[in-house]
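**Student:** Here it is, the structure, as C-alpha cells.
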Amino acid sequence: MIPPGSTIGILGGGQLGRMLALAAAPLGYKCHLFCPELNPPASDVCFKHTIAEYNDKDLLKQFSHDIDVCTYEFENVPTNTVELIEKYKPLRPGLKSLSVTQNRTKEKSFATQNNIPVAPWQPVPERSYLNKAIDKLGIPSILKSEESGYDGKGQFLITSRKNEELDIAWQRIGKVPAILEKKINFEREISVIIARSIDKNYKCFSPIWNEHKDGILDFSVSPAPISNKLKFEAEKIAITTAESLNHVGVLCVELFVTKNNQIILNEIAPRVHNSGHWTIEACETSQFSQHIRAIVNLPLRDPKQITNATMKNLIGYDIDHWHELEESRSPFIHFYGKEETRKGRKMGHVTWLYPPTQDIYIPSDF
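Residue numbers (this note's numbering): 23 to 388.
See below:
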C-alpha cells in the first residue's frame with residue numbers, strides 16, 4: 023500500500039483530474055499535476071503543478087522523483103511518456119490499457135480476441151482501402167480516425183458509395199489511418215464503470231443510460247432502464263475488459279443496446295468517465311474515490327447506489343443558467359473552473375437525486 027501522506031501524480035489537468043484530486047484529499051493524499059496548460063481546472067486543487075509538454079524528458083524525470091504513484095486522466099497521453107514514468111514509479115492503469123484504448127484498430131482487435139461483441143468493422147490505413155471497406159460493410163457506415171477521437175471528433179457518417187463523398191469523409195477525419203464501422207441501429211447507449219484493484223478484485227457501478235447531442239454526452243441516468251439479463255451481460259463485458267487488460271483503477275465500457283436486445287461494445291475509456299459523475303452524490307463510494315483507492319492499493323469500497331440519479335453536462339453557455347438550476351429539484355452543481363467559455367466545451371455538470379419510486383427524470387435543454 024502507498025500510505026496516506028504520499029503524492030499521486032496526475033497526467034492531464036482537466037475536470038477529471040480535478041475530481042480525482044478532490045477525492046484524494048479526504049484519503050490523505052496530495053496530488054501533483056503534469057500538463058502543458060497554464061491554469062487548467064485541476065490546478066486549483068492540486069498542491070503542485072508542473073507546466074510542461076508531455077515529451078519533456080527532463081521535467082518528466084523530475085516529476086517522477088517527486089511522486090509516489092502516477093495515473094492519467096485522459097487516454098491521449100503519448101505512450102513514450104508513460105514508458106518513461108514507469109521506469110521510476112508505478113503507473114496505474116498501466117501501459118497496456120493506454121495503448122489499446124488510444125487506437126481504435128487495436129481496441130477493436132482486442133475486443134475480438136477476447137470474444138467481446140463489436141460492430142462489423144474494417145481497417146482503413148489509407149484512402150485506397152476505403153472503397154473495399156465500403157463494399158464489405160455497406161452503408162451507412164462511420165469512418166473513424168484511429169487516434170485522438172473523443173466527443174464525436176474524428177468521425178464521419180458515410181451514406182453514399184460515391185467517390186466524392188468518400189473523398190470528403192477522408193478529408194474530414196484529417197487524412198489519417200482510420201477504421202470503417204458499420205452503423206448500428208441501436209435502442210439506447212449505456213455504459214458500465216468498473217474498478218479493479220492490484221489484487222484483482224473488482225467492483226461494478228450500476229449500468230448507466232446515456233444520451234448524446236452533437237457527439238457529446240448530454241445526460242446520464244442511473245440505474246439504466248434495462249433488464250437484469252442485459253445488466254448481467256453489460257457487467258460481464260466490463261469485467262472481461264478490465265481483466266484482459268490487467269487494468270488497475272477505474273475503467274468504463276461504452277455499449278450499444280440493439281433493437282433486438284444484443285449488447286455491442288462501442289468504446290473503452292481506461293479512466294474515470296463523464297457518465298459516472300453522478301456517483302459523487304448517489305453512491306456510497308464515487309468512481310473518483312474508487313480509482314484513488316485502486317491505484318494506492320487501498321481496499322475497494324462498496325459502490326452501492328443509494329438513490330436514483332440523473333446527471334446533465336453543462337456545455338458551453340449552459341453554464342450561464344446555473345442560477346435557474348438552483349431553483350429546481352435541489353440539484354448538486356459542479357463548476358470546473360475553466361477560464362474561457364466556448365461552444366461545445368464542458369464547463370460543469372449538475373446531478374439530481376430522486377427515489378426509485380419516482381419516474382426517471384429527463385432534464386430539459388436551456
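Using N, Cα and C, we set each Cβ at its ideal position, and we do this for glycine too.
According to DSSP, which residues form a beta bridge with Phe56?
**Tutor:** Phe56 pairs with Leu33, Thr72.
**Student:** Who does Thr93 pair with in a DSSP beta bridge?
**Tutor:** DSSP, once it has assigned bridges, lists Ile32 as partnering Thr93.
**Student:** Quick check: Arg40 and Pro58, are their CB atoms within less than 8 Å of each other?
**Tutor:** Going by C-beta atoms, Arg40 is not nearer than 8 Å to Pro58.
**Student:** Under the three-state reduction of DSSP, which class applies to Gly298: helix, strand or coil?
**Tutor:** Helix at Gly298.
**Student:** Hey, would you say Ala217 sits closer than 8 Å to His313, going by beta carbons?
**Tutor:** Taking 8 Å as the Cβ cut-off, Ala217 and His313 qualify as a contacting pair.
**Student:** Within its chain, find whatever has a CB closer than 6 Å to the CB of Pro147; leave out the 5 residues flanking it on each side and keep chain order.
**Tutor:** Pro199, listed in sequence order.
**Student:** Does the region 267 to 276 come within contact of the region 287 to 307, defined as at least 3 CB pairs closer than 8 Å?
**Tutor:** Yes, the region 267 to 276 touches the region 287 to 307.
**Student:** Which residue from Lys118, Gly338, Ile30, Ile89 puts its Cα closest to that of Arg364?
**Tutor:** Residue Gly338 is the option with its Cα nearest to Arg364.
**Student:** With a threshold of 16 other CB atoms inside 10 Å of the CB of Asp340, please say whether the residue is buried or exposed.
**Tutor:** Its Cβ being crowded by 16 or more others within 10 Å, Asp340 is buried.
**Student:** So if DSSP puts Ala200 in a beta bridge, which residue, or which two residues, is it bridged to?
**Tutor:** DSSP, once it has assigned bridges, lists Val146, Ser167 as partnering Ala200.
**Student:** Counting Cβ pairs closer than 8 Å, one from the region 90 to 101 and one from the region 221 to 234, do we hit at least three?
**Tutor:** No: the two stretches stay apart, fewer than three of their Cβ pairs being nearer than 8 Å.
**Student:** Name, in chain order, the residues that DSSP records as bridge partners for Asn125.
**Tutor:** DSSP, once it has assigned bridges, lists no residue as partnering Asn125.
**Student:** Take the Cβ of Gly366 as the centre, count every other Cβ of all protein chains shown within 10 Å, and call the residue buried at 16 or more, exposed below.
**Tutor:** Gly366 is exposed by the Cβ-count criterion.
**Student:** Label Gln309 either buried or exposed according to how many other C-beta atoms from any shown protein chain fall within 10 Å of its C-beta, with 16 as the threshold for buried.
**Tutor:** With 16 or more Cβ atoms within 10 Å of its Cβ, Gln309 is classed as buried.
**Student:** Report back the beta-carbon spacing between Arg293 and Thr307 to the nearest angstrom; my notes put them in contact at under 8 Å.
**Tutor:** Their Cβ separation, rounded to whole angstroms, is 17 Å, which puts Arg293 and Thr307 out of contact at 8 Å.
**Student:** Could you tell me which residues DSSP pairs with Ile230 in its beta bridges?
**Tutor:** DSSP lists Ser213 as partners of Ile230.
**Student:** Take the Cβ of His343 as the centre, count every other Cβ of all protein chains shown within 10 Å, and call the residue buried at 16 or more, exposed below.
**Tutor:** Exposed: under 16 other Cβ atoms inside 10 Å.
**Student:** In whole angstroms, what separates the C-alpha of Arg114 from that of Asn185?
**Tutor:** Rounded to whole angstroms, Arg114 to Asn185 spans 45 Å at the Cα level.
**Student:** How long is the line joining the alpha carbons of Glu349 and Thr373, rounded to whole angstroms?
**Tutor:** Their backbone Cα atoms lie some 14 Å apart in a straight line.
**Student:** Which complete alpha helix (DSSP H) runs does the region 234 to 273 hold, if anything under 4 residues is left out?
**Tutor:** Qualifying alpha helix (DSSP H) stretches, in chain order: 250 to 266.
**Student:** Under 8 Å: do the region 195 to 215 and the region 152 to 163 share three or more Cβ pairs, one atom per stretch?
**Tutor:** Because the criterion of three Cβ pairs below 8 Å is met, the region 195 to 215 and the region 152 to 163 touch.
**Student:** Roughly how many whole angstroms lie between the Cα atoms of Pro48 and Gly27?
**Tutor:** If I take the Cα positions, the gap works out to 11 Å.
**Student:** Answer with buried or exposed for Trp119, where buried requires no fewer than 16 other C-beta atoms within 10 angstroms of its C-beta.
**Tutor:** Per the sequence presented here, residue 119 reads as Ser, with Trp not at that position. Classification for Ser119: buried.
**Student:** Could you tell me the distance, in whole angstroms, from the CA atom of Ala304 to the CA atom of Asn61?
**Tutor:** Straight-line Cα distance between these residues: approximately 30 Å.
**Student:** In chain order, what residues of the same chain have a beta carbon less than 6 Å from the beta carbon of Ala74, not counting five sequence neighbours either side?
**Tutor:** Closer than 6 Å at the Cβ level, and outside the excluded window around Ala74, lie Leu81.
**Student:** Can at least three beta-carbon pairs, one atom from the region 132 to 150 and one from the region 255 to 265, be found at a separation below 8 Å?
**Tutor:** Flag = yes, the region 132 to 150 and the region 255 to 265 touch.
**Student:** For Glu129, collect the residues of the same chain with a Cβ closer than 8 Å to its Cβ; drop the 5 residues on either side in sequence, then sort them by chain order.
**Tutor:** Answer for Glu129: Val122, Thr123, Glu289, Ile290, listed in chain order.
**Student:** Please state if the CB of Ser244 and the CB of Ala331 are separated by a distance shorter than 8 Å.
**Tutor:** Result yes, Cβ atoms of Ala331 and Ser244 sit closer than 8 Å.
**Student:** With a cut-off of 8 Å on the beta carbons, I'd call Asp90 and Thr29 a contact; round off their distance for me.
**Tutor:** Asp90 to Thr29, Cβ: 5 Å. Contact.
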